[in-house]
Amino acid sequence: MNTENKTLTTRDRILARVRANRPKSYKHPEIPVYPIAGDRIENFISHVEGFDGKVITAGSRSEALSWLKENLVPSPSNLVYSSVEGYIGNVTSDSIKKPADAEQLSACVGEGILGIGETGSVLVEPESFGQMANALLTSNLYLLLDKSKITDGLQNAYAQMDLSKIQYSSLFSGPSATADIEAVHITGAQGPVSLTVLLY
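With the sequence shown counted from 1, adding 297 to any position gets you the numbering used here.
Quick look at the structure:
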């Protein structure tokens, strides 16, 4: 062993041997983008409703916010958290000191980042709700979504995402549900009982 190798740490010697015996790299295969039949917005609405969700179509964002103000009125018995500019709830982030406190929420209002026509899913980040627990533990979830942000399919959606800038995200496809027990479909089994998407 020469003097240069003697000065290397055991770790460095191991890593050098790993690098020297690294297998040959291969080019990733090209995956075709498969077309999705039908209109992306119609597909989105159909799939959301097929998963027991509800879609409200508005002509503009201000109309969507007006619908919320008329139909989701905060009160002492209706605790609402909102991270959406233009609609104010009666619960703030300061009131929810730990994730478990979100179980008090009657409703949570957040912003959808993009929608997927193929699955009726809405992509969200924790920032969409202040914290993800607010969306998971609330009884009723409301998501605002710009129609122009709906893609045809999952492949198109992933092509638009910059995953290097997203720490954590989730796809919501209707309220939670299960049909595991005696094949009986139950909506709202582990999370929100209802999901309403306000498209504008």
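A virtual CB, placed ideally from N, CA and C, is assigned to each residue, including glycine.
One Cα belongs to D349, the other to I447, and the distance between them is close to 19 Å. In the structure shown, A476 falls within a coil segment according to DSSP collapsed to helix, strand and coil. The three-state reading of DSSP puts F348 in coil, since its state is none of H, G, I, E or B. Counting other Cβ atoms within 10 Å of its Cβ, V345 reaches 16 or more and is therefore classed as buried.
For the pair W364 and F469, the Cα-to-Cα distance works out to about 21 Å. Put simply, the backbone Cα of N318 is about 14 Å away from that of D309. Straight across, the Cα-Cα distance linking P373 with E424 is about 25 Å. Counting every other CB atom within 10 Å of its CB across the protein chains shown gives L441 a total of 16 or more, marking it as buried. DSSP places S418 in the strand class (E or B) of the three-state scheme. Look at F469 here: in three-state DSSP terms it is strand. Remark: three or more beta-carbon pairs, one from each stretch, lie closer than 8 Å, so the segment 470-485 and the segment 416-423 are flagged as touching. Listed in chain order, the beta strand (DSSP E) runs fully inside the segment 338-399 are 351-354, 377-379, counting runs of at least 3 residues. For T493, the uninterrupted beta strand (DSSP E) run begins and ends at 491-496, by DSSP.
Nearest Cα to R337 within the set Y465, A454, L492, G383: A454.
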